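Q: Reminder that position 85 of the sequence shown reads as 85 in the UniProt record's numbering, one-by-one numbering, no gaps. Heads up, the beta-carbon is just placed ideally off N, CA and C, and yes, glycines get one too. None of the values given here were measured: they were computed from a predicted structure. This is the structure, below, for whatever I ask next.
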Amino acid sequence: MHANILDLPADPNGPFHGPLAHAFACAAHISVNNGAPWNSPDRGCSCCDAWQKREELAQDWGIDSPDAWRRQQDALLDGTSSNQVASLLLQLRQQAAWQTGAPAQPAMWDQAIAGWCQQNGQDNSVYQHLRGTAGMILEYENRFVTDGLFPPGAVVNDIRAWDLGRGANMARWGLHCGYTDPRTAHWYAVRASELARQYYGSWAEFSAGYILGRCLHFDNGQFGFRYTDPLAVHHTMMAHPHSPWLHVPFHL
Numbered sequence: 001m002h003a004n005i006l007d008l009p010a011d012p013n014g015p016f017h018g019p020l021a022h023a024f025a026c027a028a029h030i031s032v033n034n035g036a037p038w039n040s041p042d043r044g045c046s047c048c049d050a051w052q053k054r055e056e057l058a059q060d061w062g063i064d065s066p067d068a069w070r071r072q073q074d075a076l077l078d079g080t081s082s083n084q085v086a087s088l089l090l091q092l093r094q095q096a097a098w099q100t101g102a103p104a105q106p107a108m109w110d111q112a113i114a115g116w117c118q119q120n121g122q123d124n125s126v127y128q129h130l131r132g133t134a135g136m137i138l139e140y141e142n143r144f145v146t147d148g149l150f151p152p153g154a155v156v157n158d159i160r161a162w163d164l165g166r167g168a169n170m171a172r173w174g175l176h177c178g179y180t181d182p183r184t185a186h187w188y189a190v191r192a193s194e195l196a197r198q199y200y201g202s203w204a205e206f207s208a209g210y211i212l213g214r215c216l217h218f219d220n221g222q223f224g225f226r227y228t229d230p231l232a233v234h235h236t237m238m239a240h241p242h243s244p245w246l247h248v249p250f251h252l
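Written out as structure tokens, the structure reads:
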């Protein structure tokens with residue numbers, strides 16, 4: 001296969017169709033990047049045992065008990081974005097586009113940002129911070145076009161995929177750690193995929209939202225491995241002949 005197409009292992013005992021397969025396909029950015037079967041019913045990585053996964057969740061997420069796992073799981077699926085600034089900016093751009101009936105150009109977006117700051121009593125420092133984040137979003141979207149992630153003129157309207165993809169995988173991590181049972185873990189995973197279908201129209205849109213959310217959190221405009229790793233997963237999921245993104249309809 002082409003160099004940027006990764007291996008895509010699957011668990012023969014995992015789901016290949018239906019709501020649970022859709023849920024695990026939402027978590028593919030994590031499982032595939034970690035070399036795990038995309039449809040594994042009980043683990044989102046292939047690199048560690050239950051004890052090691054508990055150590056990892058404690059260090060990276062502050063999760064050290066079943067209650068802590070459930071609180072984090074609920075937070076990822078509560079329908080709000082973990083990046084409120086970026087979500088506000090995307091909302092302002094979308095509102096500007098609705099008002100004019102045409103895609104919002106950067107100057108129009110900047111006017112919307114300035115208007116929001118004025119209406120909400122925010123000073124110039126807030127305005128400059130928002131402008132900087134908006135500029136970074138534009139840089140990522142331009143790079144998405146260059147790298148074939150989406151077509152010219154396309155934009156990301158929502159980054160909740162970043163939370164929902166992690167939420168679908170967190171369900172499996174909870175099971176992997178012994179913090180929950182299969183029925184509860186799979187309910188949470190399916191709930192993540194239900195929410196994804198509310199906010200996105202296709203696997204490609206969901207993936208772009210996930211990658212932008214991840215990059216704004218980790219990459220900060222550097223276009224390092226925090227960008228190139230999910231880009232490789234995206235191309236794999238959009239092209240691999242066994243990809244669930246090609247065989248599981250986004251809207252079931």
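1) So, with DSSP's three-state summary, where would you put H242?
2) Are there three or more Cβ pairs, one per stretch, closer than 8 Å when the stretch 152-161 is compared with the stretch 122-130?
3) Please determine, among W162, A168, I30, the residue with the shortest C-alpha to C-alpha distance to T184.
4) By Cβ distance, which residues of its chain are closer than 6 Å to W203, with the 5 residues on each side in sequence left out?
5) Please state the DSSP three-state secondary structure of F223.
6) Go through the stretch 24-48 residue by residue and report every complete run of the alpha helix (DSSP H) that reaches 4 residues or more, in order.
7) With DSSP as the reference, label F206 as helix, strand or coil.
8) For A96, which residues in the same chain have their Cβ closer than 7 Å to its Cβ, ignoring the five residues on either side in sequence?
9) Are the beta-carbon atoms belonging to R172 and S40 less than 8 Å from one another?
10) Evaluate S31 with the Cβ neighbour count: other Cβ atoms within 10 Å of its Cβ, from every protein chain shown; 16 or more gives buried, anything less gives exposed.
11) With DSSP as the reference, label P230 as helix, strand or coil.
12) Please work out which residues of its chain come closer than 7 Å, Cβ to Cβ, to residue 259, disregarding the five sequence neighbours upstream and downstream, and give them in chain order.
13) Could you tell me how far apart the beta carbons of R143 and F223 are, in whole angstroms, since I believe they sit closer than 8 Å?
14) Hey, how far is the Cα of N220 from the Cα of G132?
15) Excluding the 5 residues preceding and the 5 following Y140 in the sequence, name in chain order all residues of the same chain whose CB lies nearer than 7 Å to its CB.
16) Where A33 and G201 are concerned, what is the direct C-alpha to C-alpha distance, given to the nearest angstrom?
17) Figure out for me which residue from G174, S243, F225 has the closest Cα to the Cα of Q72.
18) Using a Cβ distance threshold of 8 Å, determine whether the stretch 230-241 contacts the stretch 3-15, with at least three qualifying pairs required.
19) Suppose you measure from the CA of Y199 to the CA of K53; what does that come to, to the nearest Å?
20) Measuring straight from C-alpha to C-alpha, what distance separates H17 and C117?
21) Give me the residue from N13, R43, Q119 with the minimum Cα distance to L92.
22) Hey, L138 and P106 are a contact pair by Cβ (cut 8 Å); roughly how many whole angstroms apart?
23) State the CB to CB distance for the pair D42 and P182, rounded to an integer number of angstroms; the pair is presumed to be in contact (CB under 8 Å).
24) Expressed to the nearest angstrom, what Euclidean distance is found between the alpha-carbon atoms of V145 and S65?
25) Whose CA, out of D49, A196, L231, lies closest to the CA of F24?
26) DSSP on D147, reduced to helix/strand/coil?
A: Result, derived from the coordinates:
1) Residue 242 sits at position 242 when you count from the first residue of the sequence shown. Of the three classes helix, strand and coil, the one that applies to H242 here is coil, per DSSP.
2) no
3) Taking the first residue of the sequence shown as 1, we reach residue 184 at position 184. Minimum Cα distance to T184 is reached at A168.
4) Residue mapping note: residue 203 aligns to position 203 of the sequence shown, counting from 1. Same-chain partners within the cutoff: W245, F250.
5) Within the sequence shown, residue 223 is the residue found at index 223, counting from 1. In this structure, F223 counts as coil in the three-state DSSP scheme.
6) 28-33
7) Here residue 206 corresponds to residue number 206 of the sequence shown, with the count starting at 1. Correct three-state label for F206: helix.
8) Sequence index remark: in the sequence shown, residue 96 carries index 96 (1-based). So the list reads A104, M108, W109, A112, once near-sequence residues are dropped.
9) As a first step, residue 172 is located in the sequence shown; it is residue number 172 there, counting from the start. As a first step, residue 40 is located in the sequence shown; it is residue number 40 there, counting from the start. Yes; because the gap between Cβ atoms is below 8 Å, this pair is in contact.
10) In the sequence shown, residue 31 corresponds to position 31, counting from 1. S31 comes out buried.
11) As a position in the sequence shown, residue 230 is number 230, starting the count at 1. In the structure shown, P230 sits in a helix (DSSP, three-state: H, G or I).
12) Coverage of the chain is limited to positions 1 through 252, which leaves residue 259 absent and any answer about it impossible.
13) For this step, residue 143 is matched to residue 143 along the sequence shown. For this step, residue 223 is matched to residue 223 along the sequence shown. At roughly 7 Å, the Cβ-Cβ gap stays under 8 Å, so R143 and F223 are in contact.
14) Within the sequence shown, residue 220 is the residue found at index 220, counting from 1. Within the sequence shown, residue 132 is the residue found at index 132, counting from 1. Using only the alpha carbons, I get a separation of about 11 Å.
15) Within the sequence shown, numbered from 1, the residue matching residue 140 stands at position 140. Excluding positions up to five away in sequence, the list reads L212, C215.
16) Start at 1 with the first residue of the sequence shown, and residue 33 comes out as number 33. Start at 1 with the first residue of the sequence shown, and residue 201 comes out as number 201. First, the amino acid is wrong: residue 33 is Asn here, not Ala. If I take the Cα positions, the gap works out to 23 Å.
17) On the sequence shown, position 72 is the one that residue 72 refers to. Q72 has its Cα closest to that of G174, out of G174, S243, F225.
18) yes
19) As a working note, residue 199 is residue 199 in the sequence shown. As a working note, residue 53 is residue 53 in the sequence shown. Rounded to the nearest angstrom, the two C-alpha atoms are 30 Å apart.
20) Taking the sequence shown and counting its residues from 1, the one referred to as residue 17 is at position 17. Taking the sequence shown and counting its residues from 1, the one referred to as residue 117 is at position 117. Near 47 Å, if we compare the C-alpha coordinates of C117 and H17.
21) Position 92 of the sequence shown, counted from the start, is the residue given in the question as residue 92. With distances taken between Cα atoms, L92 lies closest to Q119.
22) Within the sequence shown, the letter at position 138 stands for residue 138. Within the sequence shown, the letter at position 106 stands for residue 106. Contact holds; Cβ gap of about 6 Å.
23) Looking up residue 42 in the sequence shown gives position 42. Looking up residue 182 in the sequence shown gives position 182. That belief holds up - the Cβ atoms of D42 and P182 are roughly 7 Å apart, short of 8 Å.
24) Indexing the sequence shown from 1 puts residue 145 at position 145. Indexing the sequence shown from 1 puts residue 65 at position 65. Going from the Cα of V145 to the Cα of S65 covers about 42 Å.
25) Taking the sequence shown and counting its residues from 1, the one referred to as residue 24 is at position 24. Comparing Cα positions, the closest option is A196.
26) In the sequence shown, the residue the question calls residue 147 occupies position 147. Coil at D147, not helix or strand.
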